[in-house]
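Read the structure below first, then the notes.
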Amino acid sequence: PGSRGSRDVMVRPKMAEFLGGVARTDMLLVQSGVRKHITSNSLQDGSTIHCDAMLRALFGVDTIPENMLRRYIDVHVRQASEVRDGDSWVYRPVDLSDPKEKKTAGQKRSSGDAGENGDGEPEQKKPKKQTGFSLPMRLSAKMAAFMGEDYLSRTEVVKRLAAHIKLLPRWEKDRRFYLCDEPLVQLFGRKTINLFSVIKYLNNHFEPDDRV
9 PGSRGSRDVM VRPKMAEFLG GVARTDMLLV QSGVRKHITS NSLQDGSTIH CDAMLRALFG
69 VDTIPENMLR RYIDVHVRQA SEVRDGDSWV YRPVDLSDPK EKKTAGQKRS SGDAGENGDG
129 EPEQKKPKKQ TGFSLPMRLS AKMAAFMGED YLSRTEVVKR LAAHIKLLPR WEKDRRFYLC
189 DEPLVQLFGR KTINLFSVIK YLNNHFEPDD RV
């Protein structure tokens, strides 16, 4: 997995244990969970992350360059739609090549034709097409009331929900869960919620965009 943004993913057993037993969640929540652990335990010094026992058990290293953290996370996730019953995890080593070198190599062109097409004219950049989780969707009445908008992408909904939930108090009986406030009770019909399981409650709150 390499694309950025919100994705429905399955996580490796080690990552599931790190996240509190959640095997399927959203990629944004996996990333925020790891970064929250790093921040709350003051593990980052400049551009270097110093792994504690939990991160060493997860990633198998003592330090991680900050710009490589996403790659270490990526080897622990798979696109949920690609996982079949009975599939086993095949470990993929982390690609530790310098991302700056890759970018530079990809941008190199022979002198004289940079930014030009075959006729010597400046190339026209095509607008980036919205796909998948970035596409606006029509929200259910309850979700629209919670968000204050009728149309949002899944990515934006997950981001806003995660930000809202992180402000709530933890449930003392199981601190992996947050105590829902009244708006969340009205939305999901639950008194507690696990941040990493939010995505499974969202399916009934999206419909295709009827404006197109």
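Our numbering numbers the first residue of the sequence shown as 9 and each following residue consecutively.
C-beta atoms are modelled at their ideal positions from N, C-alpha and C, and glycine is treated no differently.
Problem - Stretch pair the region 18-27 + the region 78-87: three plus CB contacts closer than 8 Å - result: yes
Practice task
Whole angstroms is fine: what's the gap from residue 61's alpha carbon to residue 189's?
Solution key: What you label residue 61 is simply residue 53 of the sequence shown in a count that begins at 1. What you label residue 189 is simply residue 181 of the sequence shown in a count that begins at 1. Spanning the two alpha carbons is a distance of roughly 34 Å.
Exercise for the section: Identify whether residue 147 lies in helix, strand or coil by the three-state DSSP scheme. Expected result: One-based indexing of the sequence shown puts residue 147 at position 139. Strand, per DSSP.
Practice task
Using 10 angstroms around the beta-carbon of residue 197, count the other beta-carbons present and answer buried if the total reaches 16, otherwise exposed.
Solution key: Stepping through the sequence shown from its first residue, residue 197 is reached at position 189. Label assigned to residue 197: exposed.
Exercise for the section: Please name the residue, chosen from 192, 59, 199, 216, that lies closest to residue 77 on a Cα-to-Cα basis. Expected result: Numbered from its first residue, the sequence shown carries residue 77 at position 69. It is 59.
Exercise for the section: Alpha carbon to alpha carbon, how far is residue 181 from residue 43? Give it in angstroms, no decimals. Expected result: Here residue 43 corresponds to residue number 35 of the sequence shown, with the count starting at 1. Here residue 181 corresponds to residue number 173 of the sequence shown, with the count starting at 1. For residue 43 and residue 181, the distance between alpha carbons rounds to 24 Å.
Problem - Among 17, 203, 80, the one whose alpha carbon lies nearest that of residue 32 - result: For the purposes of this step, residue 32 is taken as the residue at position 24 of the sequence shown. With distances taken between Cα atoms, residue 32 lies closest to 17.
Exercise for the section: Assign residue 202 to one of two classes, buried (16 or more other C-beta atoms within 10 Å of its C-beta) or exposed (fewer than that). Expected result: Numbered from 1 along the sequence shown, position 194 holds the residue referred to as residue 202. Classification of residue 202: buried, given that the 10 Å Cβ count is 16 or more.
Exercise for the section: Provide the residue span of the alpha helix (DSSP H) that contains residue 191, from first to last. Expected result: Here residue 191 corresponds to residue number 183 of the sequence shown, with the count starting at 1. That run of the alpha helix (DSSP H) goes 190-196.
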